[in-house]
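Protein chains in written order, with numbering that gives the first Met the number 0: chain A, 0 to 426; chain B, 0 to 426. Glycine is no exception: its CB is placed at the ideal position from the N, C-alpha and C atoms. Keep in mind the model is a prediction, meaning the values are calculated, not measured. Presented below is the structure to which this report refers.
2 protein chains.
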Amino acid sequence: MTVKIGLVGTGTVGGGCLDILRDHHDDFVRHLGVDLELVRVCSRNPEQAIAHGVDDRFTQDYHDIINDPDIQIVIELIGGTTVAADVVMGALKAGKHVVTANKALMATRGKEIFELADQAGVEVAFEASVGGGIPIIDPLKHSLTANRIDKVMGIVNGTTNYMLTRMGQDHLSYADALREAQQKGFAEADPSADVDGLDAAAKIAILASIAFNSRVTMSDVYAEGIRNVSPLDLEAARDMGYSVKLLAVAHRSDEGIDVRVHPTMLPLEHQLSSVNGVYNAIYVVGDAVGETMFFGEGAGSGAAASAVMGDVLEVARHVVRGVKPIVGCTCTDSLPIVPMENLKTKYYIRFTVADRCGVLATMAGVFAKHNVSVRSVIQRGKKQTESVNLAYMTHTARESDVRDVIDEIKQLDDVLYAEPSLIRVED
Amino acid sequence: MTVKIGLVGTGTVGGGCLDILRDHHDDFVRHLGVDLELVRVCSRNPEQAIAHGVDDRFTQDYHDIINDPDIQIVIELIGGTTVAADVVMGALKAGKHVVTANKALMATRGKEIFELADQAGVEVAFEASVGGGIPIIDPLKHSLTANRIDKVMGIVNGTTNYMLTRMGQDHLSYADALREAQQKGFAEADPSADVDGLDAAAKIAILASIAFNSRVTMSDVYAEGIRNVSPLDLEAARDMGYSVKLLAVAHRSDEGIDVRVHPTMLPLEHQLSSVNGVYNAIYVVGDAVGETMFFGEGAGSGAAASAVMGDVLEVARHVVRGVKPIVGCTCTDSLPIVPMENLKTKYYIRFTVADRCGVLATMAGVFAKHNVSVRSVIQRGKKQTESVNLAYMTHTARESDVRDVIDEIKQLDDVLYAEPSLIRVED
């Protein structure tokens with residue numbers, strides 16, 4: 000049976016989808032009983048569409064797609080939260096199924112989108128919004144449903160993982176790593192969404208919502224990027240047996256859920272530590288399944304298109320067999336978000352301090368005063384000046400207490416010589 | 000809506016399922032709209048069932064389950080291909096959905112089982128048959144359907160991975176590693192199914208059937224275990240930058256598909272190389288998605304029960320929503336199996352030969368005669384006797400040619416001092 004689809008957006012991912020449709024149309028008929036017919040393609044850029052063989056099906060007005068009564072599935076691949084929202088909401092209101100790769104939209108307006116889909120009796124699928132081609136949303140919504148998920152941790156931004164890999168393994172500076180990533184096309188001219196952790200924040204909001212059955216939006220996520228990760232700290236981490244990754248973490252505790260993106264020290268033996276370069280991986284801990292990890296290419300035309308077209312085929316399979324939506328919004332609980340100051344985890348803190356008697360004792364006093372228990376303190380680097388680097392590892396402590404320690408030590412003008420570094424630690 | 004289930008088998012996995020049902024029943028109602036009611040439990044062992052809180056629902060006759068008209072889903076967890084076959088086939092004939100963890104049954108009688116399910120209009124789900132709790136069958140049947148899958152490689156037997164980890168990293172002998180695995184409960188008293196690669200063979204038959212849309216049964220799989228892996232070869236591998244894993248490999252080429260289980264040398268940077276101990280991982284390469292990997296616990300009550308109960312919930316969700324089976328047998332192609340002698344891969348071969356002039360030249364002649372191109376040859380170990388170890392790495396060669404090389408060198412009585420080692424190499 001023919002299923003008619005309309006595609007909006009012919010950039011990298013859209014182009015990948017057009018290639019898959021061209022190469023595998025007959026395979027899908029044979030293996031899945033689904034005859035996909037691409038009825039119309041919308042793009043601001045006719046050249047892109049033509050390059051992928053789109054001819055008279057081309058339009059520059061997305062209304063030609065959402066108003067076409069024949070089209071059953073709309074694929075939205077333009078990104079952002081303005082026009083994309085109109086396309087997605089418009090298609091749903093017109094009773095069409097929607098497949099999207101749009102993390103920003105799903106992480107900010109997910110609730111609205113699911114409500115519209117529910118009213119229209121159609122499906123919304125968004126596997127490509129997190130982790131490129133890696134199946135992770137589908138496993139969370141299906142295979143892993145027997146679990147209470149306690150933690151999701153992901154390397155979900157390829158750009159920063161590439162940069163941290165180059166900085167950590169090959170000793171590039173932040174600036175050089177960024178320049179190289181831009182030259183290779185891994186980073187945008189304005190890298191802010193990647194290096195400030197905003198891209199990862201949208202993705203972990205989506206994953207947390209599904210994993211914990213409770214709505215998490217972009218604004219619930221604490222986001223700290225990699226701009227302040229220094230070579231000194233990368234070296235210290237390696238010496239202590241840790242890698243440094245920009246992790247997106249969602250964690251359930253008795254107090255609620257904490258959802259955050261920040262540079263994180265991970266033991267080198269941890270599976271996520273060996274995920275290097277532009278690869279992504281998502282690590283999921285469930286009460287029955289234990290530890291699992293899903294690894295793959297986080298970006299690139301083929302990987303993301305694999306996820307988009309997997310969703311299209313799944314929805315199309317339902318259309319062909321007359322199956323109504325099986326899984327809609329999964330946010331059936333409403334768990335509190337633990338504020339960042341109440342976070343409990345382990346910390347690495349490095350201070351550059353005056354190299355003289357009594358400083359260590361003074362600092363120890365500040366840690367003790369704020370109930371932050373120190374696991375180890377190591378003096379690092381060569382003694383060339385009158386200052387010295389002290390790298391502290393704490394036991395599990397409360398974020399606000401750690402902040403108080405840092406603030407108080409910052410007051411000690413004659414002790415502190417530079418801005419302290421703080422990296423949270425997972426084991 | 001209530002969905003009535005019957006469970007056959009209360010061993011490790013069955014016990015895990017009973018625990019999940021007890022702990023999460025209400026969560027499933029709230030999150031999935033599925034009210035699972037365990038109507039009857041069958042076991043040879045009443046104590047096991049009682050230990051998990053099964054009382055008057057207990058029976059020792061599985062007919063009480065397959066003949067109960069109220070039961071909608073039957074969970075088969077007794078394993079093997081005799082009684083289990085009667086339970087599975089009987090349940091399907093009685094029009095019940097079946098969830099099973101039975102790799103041996105699925106790998107030998109999959110076709111029959113799917114035909115019965117199709118006739119009865121019911122589902123068969125078997126995620127737990129491969130990789131314990133790791134979602135892999137579901138992603139292959141859903142998220143990754145837009146791809147032509149070219150390769151599936153897995154560490155799918157935790158026992159042998161534990162043993163190889165201990166032998167490779169901690170220099171235990173095969174016998175000591177086996178004894179330790181048995182003491183820890185990772186290996187059976189008769190370890191043959193694990194160490195001879197038969198367990199892995201059943202699993203890769205299942206994965207290959209799905210990945211390539213073409214039926215592969217147990218008898219199509221070449222299986223070679225780890226009994227002959229020597230410390231000398233593990234050491235050589237490590238020095239050359241490789242790990243040694245018992246890999247289950249399914250690979251598509253122009254000639255067809257080759258499906259095999261054997262010790263394999265993998266570059267240390269490969270994601271599968273860092274999968275140690277009893278963990279499992281399955282590596283999938285698709286034309287669009289590129290490289291992906293699915294990692295987790297391959298055994299244990301919780302992990303396997305997570306997969307079983309995930310299947311049960313998925314089927315129950317369909318029952319509740321009145322959805323007929325969406326995906327049945329996926330073997331819509333019929334690809335030829337490439338016979339092992341036609342396999343083309345790279346090889347590590349170690350010979351213990353006489354340490355005298357001319358031997359290297361003689362050996363080189365034999366390799367050349369059979370068109371096996373040598374990439375490197377390294378002399379290994381200390382010279383204590385009149386013999387020396389020569390470790391060859393070949394370029395891609397044909398298995399039958401490599402066999403001919405070994406056979407011909409074996410004929411050289413005055414050259415060869417011990418049985419040669421052969422390990423296939425993936426990069």
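Top-ranked residue by Cα proximity to residue i, from the options
i, options, result
"B:Ala90", "B:Val121, B:Gly109, B:Gln168", "B:Val121"
"A:Val155", "A:Ile49, A:Met362, A:Leu206", "A:Leu206"
"A:Ile77", "A:Asn44, A:Arg178, A:Phe113, A:Arg56", "A:Asn44"
"A:Val248", "A:Met264, A:Gln118, A:Leu233", "A:Met264"
"A:Asp400", "A:Arg379, A:Thr384, A:Glu340, A:Asp412", "A:Glu340"
"B:Thr393", "B:Ser172, B:Ser142, B:Ala204, B:Thr344", "B:Thr344"
"A:Gln270", "A:Ser242, A:Gly255, A:Val258, A:Ala287", "A:Ser242"
"B:Gly327", "A:Gly32, A:Cys16, A:Gly15", "A:Gly32"
"B:Asn388", "B:Asp426, B:Arg349, B:Arg423", "B:Arg349"
"B:Ile209", "B:Ser375, B:Tyr346, B:Ala396, B:Ser128", "B:Ser128"
"A:Val151", "A:Ala390, A:Leu415, A:Met292", "A:Met292"
"B:Ile135", "A:Lys183, A:Tyr391, A:Phe294", "A:Phe294"
"B:Asn279", "B:Gly299, B:Pro266, B:Leu267, B:Val288", "B:Gly299"
"A:Gly52", "A:Thr80, A:Leu37, A:Asp60, A:Glu313", "A:Leu37"
"B:Val7", "B:Arg56, B:His30, B:Arg29", "B:Arg56"
"B:His30", "A:Asn101, A:Ile133, A:Gln118, A:Asn146", "A:Asn146"
"B:Glu254", "B:Gly153, B:Leu342, B:Val82, B:Ile148", "B:Leu342"
"A:Ile203", "A:Ala106, A:Pro138, A:Gly157", "A:Ala106"
"B:Lys140", "A:Val220, A:Phe185, A:Phe27, A:Thr99", "A:Phe27"
"B:His217", "B:Ala353, B:Ile336, B:Pro190", "According to the sequence shown, residue 217 of chain B is Met rather than His. Residue B:Ile336 is the option with its Cα nearest to B:Met217."
"B:His170", "B:Glu187, B:Ser229, B:Phe211", "B:Ser229"
"B:Ser252", "B:Leu115, B:Thr80, B:Ile148, B:Ile405", "B:Ile148"
"A:Phe158", "A:Leu177, A:Gly167, A:Ser172", "Position check: residue 158 of chain A holds Thr in this sequence, whereas Phe was assumed. Of the listed residues, the one whose Cα sits closest to A:Thr158 is A:Leu177."
"A:Arg355", "A:Arg374, A:Glu385, A:Thr329, A:Gln378", "A:Glu385"
"A:Ala116", "A:Gly132, A:Gly130, A:Ile133, A:Val98", "A:Val98"
"B:Val371", "B:Thr80, B:Ser272, B:Asp403, B:Ile377", "B:Asp403"
Interface partners of residue i on chain A, CB under 7 angstroms
i, result
"B:Asn212", "His30"
"B:His51", "Those within 7 angstroms of B:His51 in chain A number zero; the least Cβ separation is about 14 angstroms."
"B:Arg56", "In chain order: nothing, as chain A lies at least about 20 angstroms away."
"B:Arg316", "Ile325"
Residue i: contacting residues in chain B (beta-carbon distance under 8 angstroms)
i, result
"A:Glu126", "Ser142"
"A:Phe26", "A small fix is needed here, since residue 26 of chain A is Asp in this sequence, not Phe. The answer, in chain order, is Arg147."
"A:Gly14", "In chain order: nothing, as chain B lies at least about 12 angstroms away."
Within chain B, the residues that residue i reaches when beta carbons sit closer than 9 angstroms
i, result
"A:Asn341", "Near A:Asn341 there are no residues of chain B at all, since even the closest Cβ is about 25 angstroms away, more than 9 angstroms."
"A:Thr329", "His30, Leu31"
"A:Lys323", "Arg320, Gly321, Val322"
Partner residues on chain B for residue i, Cβ-Cβ distance less than 7 angstroms
i, result
"A:Ala145", "Ile19, His23, Ser305, Met308, Gly309, Leu312"
"A:Gly364", "Correct list: empty, because the minimum Cβ distance to chain B is about 42 angstroms."
"A:Cys285", "It is worth fixing the name first, because residue 285 of chain A is Gly in this sequence and not Cys. Within chain B, the residues near A:Gly285 are Ser305."
Closer than 9 angstroms at the beta carbon, the chain A residues around residue i
i, result
"B:Asp137", "Pro134, Asp137, Pro138, His141, Ser142"
- prompt: Between the stretch 57-77 of chain A and the stretch 85-99 of chain A, do at least 3 Cβ pairs fall closer than 8 angstroms?
  reply: yes
>> Ignoring anything shorter than 3 residues, give me the beta strand (DSSP E) runs that lie fully in the stretch 228-285 of chain A, in order along the chain.
In response: 241-252, 255-266, 278-285
Open item on the list: By the 8 angstroms beta-carbon criterion, what residues does the stretch 288-301 of chain B contribute toward chain A?
Closed with: Val288, Gly289, Glu290, Thr291, Met292, Phe293, Phe294, Gly295, Glu296, Gly299, Gly301
Length-filtered (3 minimum) beta strand (DSSP E) runs lying within the stretch 284-313 of chain B: 289-296
If the cut-off is 9 angstroms on Cβ atoms, which residues from the stretch 244-275 of chain A count as contacting chain B, listed in chain order? Glu268, Gln270, Ser272, Ser273, Val274, Asn275
Three or more C-beta pairs under 8 angstroms: does that hold for the stretch 1-16 of chain B against the stretch 298-308 of chain B? yes
> Is the stretch 271-287 of chain B touching the stretch 407-421 of chain A in the sense that three or more CB pairs, one from each, lie closer than 8 angstroms?
Replying inline: no
Problem set entry | Inter-stretch contact at 8 angstroms, needing at least 3 Cβ pairs: the stretch 306-321 of chain A / the stretch 366-384 of chain A | no
* Asked: Would the stretch 224-240 of chain A and the stretch 181-198 of chain A be scored as touching if the rule is three or more Cβ pairs under 8 angstroms?
  -> yes
Start-end ranges of the alpha helix (DSSP H) lying completely within the stretch 53-93 of chain A, minimum 4 residues: 62-65, 82-92
Mind pulling the beta strand (DSSP E) runs of 3 or more residues that sit fully within the stretch 313-357 of chain B?
-> 343-353
Mind listing, in chain order, the continuous alpha helix (DSSP H) runs of no fewer than 4 residues lying wholly within the stretch 91-169 of chain A? 102-119, 136-140, 157-169
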